[in-house]
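Colleague: Below is a structure I'd like to ask you about.
Protein chains: 2
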Amino acid sequence: MTCLQNFTELNIPEIDRQLTEQVQSINAPEILKEAMNYSLAAGGKRVRPLFLLAVLDFLQVKHSEASTVGAAIEMVHTYSLIHDDLPSMDNDDYRRGKLTNHKVYGDALAILAGDGLLTYSFGVLSRLKTVPAEDKLELIQLMSEAAGAEGMVGGQVLDIESERKIISVEELETIHINKTGALLSFSILAGAILASADASTRKALQDFGFHIGLAFQIQDDILDIEGTTESLGKTAGKDVASEKNTYPALLTLDGAKIKRDWHYNQSIESLRHISSEPGLLDELAAYIVNRSK
Amino acid sequence: MTCLQNFTELNIPEIDRQLTEQVQSINAPEILKEAMNYSLAAGGKRVRPLFLLAVLDFLQVKHSEASTVGAAIEMVHTYSLIHDDLPSMDNDDYRRGKLTNHKVYGDALAILAGDGLLTYSFGVLSRLKTVPAEDKLELIQLMSEAAGAEGMVGGQVLDIESERKIISVEELETIHINKTGALLSFSILAGAILASADASTRKALQDFGFHIGLAFQIQDDILDIEGTTESLGKTAGKDVASEKNTYPALLTLDGAKIKRDWHYNQSIESLRHISSEPGLLDELAAYIVNRSK
């Protein structure tokens, strides 16, 4: 078993447990909790919490509430998937191999389950027990920026606006830096904050987050072409069918792979500014660009 | 001019200015900022920020960032209206006398404008300059509870679940305590937090918030019967037409007025535990139960 396999097999159950327990503890209507939990429990790669934990591992810092922060970020990610899948947005029926939230609970409850997850995630950060108040406030401020109009929500708007238009690679990059990159970068930075990392380490991790976020997204686009619906758990080939702006569409498949590898190499180079010794974080980055689902 | 008129004419423009400036300062796609601003600028009574400011007035405390906190709460309130008006929820075409957000910008952008406002409001609280870190965290935690699954979002779910069912007065009360009461109570408690009020003052203000919140909602139900579409800025008689569970429907119109007045009197009694002298907060409470729109 590789070091990364050991790490994920140890930590994913802990993140899942946190998610289930957090939602179970909410004093709310059962049907709402069920809808919130449905999408959280649908699995997924838990990429954002894993990056947070891998950053702490890389910086050789243990933090008892790291998986709690990771769970809060996963709630924000899950809310965004629930809202993105709605009929008025991407209109997706399947996600992570299961029916999407609105296909099971209806549009109204899906919107509210997303709203509930987003709102709750800020409460989770505010209640952390072992994180200094100023650090909690920084986490909340940065998560608000990464998830909101300046980040993920803004990126989704740009994505919708670009539909049925031909855009440049730069415009596509702006979409992804916001839509997926901002929250991924935040989870990496959150690890640095919990580790009380110094400014130069934070800067290097921000560079790492920027590049690995783009490599992650390019690989997503490549998998839409090379993957199968079965392996992906969502409809493969949908980007091509809907004439979506993707890296392969703008750069050819080979061009997209070159760009992905370039961003991957840049991300690894950033890590070498922190430590000459590759670690788990290197392995996680490599997994991200080589994954088949 | 009454004291209350003077107070609202002084403060509403300041709250409006804060809302406009805050959204203008966001680094986000213009169309998203336009959609966010559209519903904020549609006016409304600004009840929640006014309550916050009136609490500070009542406690004779000045706070330079009170209207900023009020604006953050108004953003949360506005997001909830945008989502509630969606076709999959209440399907309303008019709000505050103007077309609802999704009628102008489409469902996708309306959902995202709501998401953006909610997410941004937590950022506003995290960035307050003159509030101690622990108080900011308490504001964030309480706003997360009041706005989320344990409060407003949960209340909206209960409301949807109760459609086309006959429910008890107690069940109706539970819906409103969560759907509208929780955020209104939070704005009152936020005033107490900014004023560093002691525990007994906070308790009295919480009781005040509980009762004035219910009186506010009962008056809303009464206005749906007694008001006109023109004066309300939203479709009058809609509750009756849709056989919605309301106080007048369950208690008769006169019974609803008795209940409203009882809660109003209880709210005023709570204030007398803080000060024997009635103030602006008393006037605002009286306005709430006597308003015609």
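First to last, the protein sequences are chains U and G. Per our numbering, the very first residue in the first sequence carries number 1; after that it's consecutive. Per our numbering, the very first residue in the second sequence carries number 1001; after that it's consecutive. Every residue, glycine too, gets a C-beta built ideally from N, C-alpha and C.
(1) So within the stretch 1102 to 1131 of chain G, which uninterrupted alpha helix (DSSP H) runs reach at least 4 residues, ignoring any that extend past its ends?
(2) Give the straight-line distance between the Cα atoms of N152 of chain U and E1277 of chain G, rounded to the nearest whole angstrom.
(3) Using a Cβ-Cβ cut-off of less than 9 Å, give me the residues of the stretch 1094 to 1123 of chain G that come near chain C, in sequence order.
(4) Below 8 Å CB to CB, which residues in the same chain sit around D1090 of chain G once its five sequence neighbours on both sides are set aside?
(5) What does P215 of chain U reach in chain G if we use C-beta pairs closer than 9 Å?
(6) Going straight from the alpha carbon of L251 of chain U to that of S168 of chain U, what length do you get?
(7) Please check if any C-beta of chain G sits within less than 8 Å of the C-beta of R127 of chain U.
(8) Check the Cβ-Cβ distances between L158 of chain U and every residue of chain G, and say whether any is below 8 Å.
(9) Specify the secondary structure class of L99 of chain U as computed by DSSP and reduced to three states.
(10) Could you tell me the boundaries of the alpha helix (DSSP H) in which A54 of chain U lies?
(11) What does the alpha-carbon distance come out to for the pair Y295 of chain U and A1149 of chain G?
(12) Counting only runs that start and end within the stretch 154 to 237 of chain U, where is the alpha helix (DSSP H) found for 4 or more residues in a row?
(13) Taking the C-alpha atoms as reference points, what is the distance between I26 of chain U and G116 of chain U?
(14) Residues of chain G with CB closer than 7 Å to the CB of K136 of chain U, please, in chain order.
(15) Indicate whether at least one CB of chain G lies closer than 8 Å to the CB of S196 of chain U.
(16) Please classify P1132 of chain G as buried or exposed, where buried requires at least 16 neighbouring CB atoms within 10 angstroms.
(17) Any Cβ of chain G within less than 8 Å of the Cβ of G44 of chain U?
(18) Return yes when the Cβ of L280 of chain U is within less than 8 Å of the Cβ of A54 of chain U, no when it is not.
(19) Taking the DSSP output, what are the residues bridged to Y38 of chain U?
(20) Which same chain residues, not among the five before or five after S213 of chain U, have their C-beta less than 6 Å away from its C-beta?
(21) Would S144 of chain U pass as an interface residue toward chain G - the criterion being a Cβ-Cβ separation below 8 Å?
(22) Compute the distance between the beta-carbons of L142 of chain U and L189 of chain U, then report whether it is under 8 Å.
(23) Tell me where the alpha helix (DSSP H) around G151 of chain U begins and ends.
(24) Do F1051 of chain G and L1284 of chain G have their CB atoms nearer than 8 Å?
(25) So A1072 of chain G contacts chain U; which residues on that side make the cut at Cβ distance below 8 Å?
(26) Along the alpha helix (DSSP H) that carries S1270 of chain G, what are the first and last residues, could you check?
(27) At a CB-CB cut-off below 8 Å, which residues of chain U make contact with S1088 of chain G?
(28) With 8 Å as the threshold, decide whether the Cβ of A1190 of chain G is near any Cβ in chain U.
(29) Straight-line CA distance for L109 of chain U to V1157 of chain G?
Modeller: Reading from the atomic positions:
(1) 1107 to 1126
(2) This sequence places Met at residue 152 of chain U; Asn is not what is there. In this model, M152 of chain U and E1277 of chain G are separated by some 49 Å (Cα to Cα).
(3) Note that chain C does not occur in the displayed structure, where the protein chains are U and G.
(4) Here the set comprises D1084.
(5) It should be noted that the sequence gives Ala, not Pro, for residue 215 of chain U. In chain order: nothing, as chain G lies at least about 24 Å away.
(6) 10 Å
(7) Proximity of R127 of chain U to chain G, defined by a Cβ-Cβ separation below 8 Å, is satisfied.
(8) yes
(9) L99 of chain U: strand per DSSP, three-state reduction.
(10) V47 to F58
(11) What is shown of chain U runs 1 to 293, which leaves residue 295 of chain U out entirely.
(12) 169 to 176, 182 to 194, 199 to 226 and 229 to 232
(13) 10 Å
(14) Those are L1137, listed as they occur along chain G.
(15) no
(16) exposed
(17) G44 of chain U has a beta carbon lying at 8 Å or more from every beta carbon in chain G.
(18) yes
(19) According to DSSP, Y38 of chain U bridges with nothing at all.
(20) Reading off the sequence shown, one finds Gly at residue 213 of chain U, where the question assumed Ser. The residues are G181, L184 and S185.
(21) yes
(22) yes
(23) That residue, G151 of chain U, is in no alpha helix (DSSP H); it is neither H nor E in DSSP.
(24) Going by C-beta atoms, F1051 of chain G is nearer than 8 Å to L1284 of chain G.
(25) Under the 8 Å cutoff, chain U gives no residues; its nearest Cβ is about 11 Å from A1072 of chain G.
(26) Y1247 to R1272
(27) G106, D107, A108 and I111
(28) no
(29) 7 Å
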